[in-house]
Structure formats: C-alpha cells, structure tokens
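Peer 1: Using this note's numbering, the first residue of the sequence shown is number 1, and each one after it goes up by one. Sending over a structure as structure tokens; questions will come in a sec.
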Amino acid sequence: MVMLLPFSRLSMEDKLPMNINRYRGQIALEEISMEGQKKLSSAHVSIVGIGGTGSSAAELFSRIGIGTLTLIDPDVVAESDLHRQVLYSESDVGTPKVDAASNRLRAENGDLTILKFRNRLDESNAERLLLGSDIIYDGTDNFESRDTLNRVAVRTKTPLVMTSAVDYYGQVKAIIPGVTSCLACIGYPEEGENISCSTMGIFPPVLSFVAAFGVNLAVKILLSLPVSGDYYHLDMKSLTVTKITARINERCPVCGSQSH
Ligand SMILES: [Zn+2]
1 MVMLLPFSRL SMEDKLPMNI NRYRGQIALE EISMEGQKKL SSAHVSIVGI GGTGSSAAEL
61 FSRIGIGTLT LIDPDVVAES DLHRQVLYSE SDVGTPKVDA ASNRLRAENG DLTILKFRNR
121 LDESNAERLL LGSDIIYDGT DNFESRDTLN RVAVRTKTPL VMTSAVDYYG QVKAIIPGVT
181 SCLACIGYPE EGENISCSTM GIFPPVLSFV AAFGVNLAVK ILLSLPVSGD YYHLDMKSLT
241 VTKITARINE RCPVCGSQSH
C-alpha cells in the first residue's frame with residue numbers, strides 16, 4: 001500500500017509565508033510541523049570539516065532550512081576530493097572549501113545565512129569560531145580535532161554530533177552535555193589507532209549514509225526529540241546498523257562529576 005503524505009493536515013489557517021512554503025513537504029511531517037520548522041529556520045548549526053561527511057551534511061542542513069550555518073575548514077578543494085565530497089565541482093579545484101561550499105549552498109537556498117572560517121579548529125580558536133552555535137556537527141577526519149570538539153562542546157554545553165567514516169564503515173554519536181556520555185567517557189584510542197580515509201580508503205556512499213544519520217540526530221536534538229548518546233555503527237558491507245551502548249562515565253576526565 002502506498003502511504004500518502006498527510007498534506008491535508010495543513011489547513012487554510014496555516015497559510016505559509018513564501019520563505020516557508022518551500023518546506024511544506026517536511027512541515028507535513030508530524031514531528032516537524034510548523035513549530036518545528038520555525039525552530040529549524042532559526043537554528044544555528046556549525047559544521048567543522050566540510051569534507052566527506054561534512055559536505056553531505058551541509059547540503060542536507062541547507063535544504064531543510066537551517067537558518068544559519070557556520071562552515072569551518074582550512075583546506076582547498078583537491079581533485080582527489082571530487083569522488084566523495086558532494087559540494088564541489090571540477091571548477092572548484094584549488095578554491096578554499098569554505099568559499100566553494102558557501103557559493104554552492106547559497107545557490108541552493110537563498111534564505112541561508114553562512115558564516116565561514118578558513119581555519120583549522122583548535123583549543124585556541126574553537127570557542128570563538130563556534131560562538132552562537134545551537135549544535136555542532138563534527139565532520140573532521142582525525143582524533144585530535146574530535147577530542148578538541150568534545151572538550152569544547154562539554155565546556156560550552158553545546159550539543160555535538162560526531163561522525164566518522166572509513167572503508168565501508170561509519171560511526172555516529174550524539175553528545176548532549178549533561179544528558180549523554182561524551183567521547184571521552186569510553187576512553188581514548190590507543191596510540192596509532194588514528195586511521196583515516198587517505199590511509200584506509202573510503203567507499204563514497206558511506207559518507208552520505210553517515211551524514212544523513214548525523215543530520216537526523218541533529219534535527220532531533222534541535223526539535224527536542226529524544227536522542228541517546230549511544231554509538232551507531234553503520235556497515236555498508238553487511239548492510240547493518242548496530243547500536244552500541246555508551247553510558248556516562250562518572251570518572252570521565254572531560255564530563256564526569258570528578259572532572260569539575
Ligand atoms: Zn565523558
């Protein structure tokens with residue numbers, strides 16, 4: 001049976017302003033509705049790393065009408081990025097990613113406000129670059145940046161969606177300070193465990209899969225829907241998604257009660 005979208009739920013009283021009209025397909029969803037769309041349209045999402053998962057996520061955030069996007073990335077577009085980083089075209093090679101991405105995203109959605117920083121995020125600049133964020137999306141590709149983001153998110157009490165992908169596999173985890181576990185709650189990887197797409201290879205569709213999963217978690221958080229802090233392991237070889245419990249560690253050096 002084909003299930004029709006419940007457009008009939010939109011009554012005449014809900015007559016939409018033009019800048020909202022484009023979202024009526026998602027406003028028809030009960031969990032979003034007009035109230036939720038207003039929240040999304042006034043939300044500020046920061047994306048750190050607009051490469052593999054970050055560029056797919058940026059496009060989804062833009063199309064669903066997030067009001068303000070902050071883009072942070074120090075790199076320029078390389079030819080070897082084009083097979084997996086969906087925001088960029090051949091003519092963008094050599095252009096800073098923040099510039100190429102903002103041009104593309106503005107063309108997709110003229111209502112979008114974009115703040116762009118061609119910086120490598122670190123402890124010295126993180127709080128300044130992420131100022132005003134309602135949520136942070138982690139599109140970085142190394143553990144050091146991820147660790148910094150985790151610490152900043154906990155310190156500033158800003159929700160964070162972490163994503164990573166390599167080979168045919170991806171991981172996604174939401175961190176809501178004070179509510180869920182953080183990255184450090186389960187301990188840090190051993191020395192030498194820091195693997196990346198360039199060393200291990202990457203199957204491009206896994207990046208869109210991970211990004212869609214991460215954006216879904218971010219939207220849930222923005223709409224105050226229930227989200228756990230568990231890890232989701234996405235496996236495109238076996239076509240499975242596995243939830244791995246990640247409980248708060250009271251002795252966590254970053255978010256635990258003994259760390260304050
Ligand atoms: Zn923790």
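We treat Cβ as the ideally placed atom computed from N, Cα and C, and that holds for glycine.
1) Run the proximity test for Val179: is its beta-carbon closer than 7 Å to any non-hydrogen atom belonging to ligand 1?
2) Quick check on this structure: which residue in Ile202, Ala43 and Leu87 has the alpha carbon closest to the alpha carbon of Val166?
3) Using the beta-carbon of each residue, find all residues closer than 5 Å to any heavy atom of ligand 1 and list them in chain order.
4) If you reduce the DSSP assignment to three classes, tell me which class Met236 lands in.
5) Given a threshold of 16 other Cβ atoms within 10 Å of its Cβ, counted over all protein chains shown, does Val2 qualify as buried or as exposed?
6) For the candidate residues Pro226, Ala218, Leu40 and Glu79, whose alpha-carbon lies nearest to that of Ala57?
7) Starting from Val210, trace the beta strand (DSSP E) in both directions and tell me its first and last residue.
8) Can you tell me whether Thr140 is helix, strand or coil according to DSSP?
9) Buried or exposed: where does Thr245 fall if 16 or more other Cβ atoms within 10 Å of its Cβ makes it buried?
10) So, under 8 Å CB-CB, Leu69 and Phe61 are touching, yes? Tell me the CB distance rounded to an integer number of Å.
Peer 2: By the coordinates alone:
1) Along the sequence shown, read from residue 1 onward, the residue named residue 179 stands at position 179. No, the Cβ of Val179 stays beyond 7 Å of every heavy atom of ligand 1.
2) As a first step, residue 166 is located in the sequence shown; it is residue number 166 there, counting from the start. Ranking Ile202, Ala43 and Leu87 by Cα distance to Val166 puts Ile202 first.
3) Cys182, Ala184, Cys185, Cys252, Val254 and Cys255
4) As a working note, residue 236 is residue 236 in the sequence shown. Looking at Met236 - three-state DSSP - the assignment turns out to be coil, as it is neither helix nor strand.
5) Position 2 of the sequence shown, counting from 1, holds the residue named residue 2. Confidence in Val2 is poor, its pLDDT being 46 and thus under 50, which makes the residue's placement too unreliable to answer from.
6) The residue labelled residue 57 in the question sits at position 57 within the sequence shown. Out of Pro226, Ala218, Leu40 and Glu79, Ala218 has the C-alpha closest to the C-alpha of Ala57.
7) Locating residue 210 in the sequence shown gives position 210, counting from the first residue. Residue range Pro204 to Leu222 is occupied by the alpha helix (DSSP H) that includes Val210, with no beta strand (DSSP E) assigned at that position.
8) As a working mapping, residue 140 is identified with position 140 in the sequence shown. DSSP places Thr140 in the coil class of the three-state scheme, outside both helix and strand.
9) Numbered from its first residue, the sequence shown carries residue 245 at position 245. By the 10 Å Cβ count, Thr245 comes out exposed.
10) Taking the sequence shown and counting its residues from 1, one reaches residue 69 at position 69. Taking the sequence shown and counting its residues from 1, one reaches residue 61 at position 61. Indeed, because the Cβ distance is near 6 Å, the residues count as touching under 8 Å.
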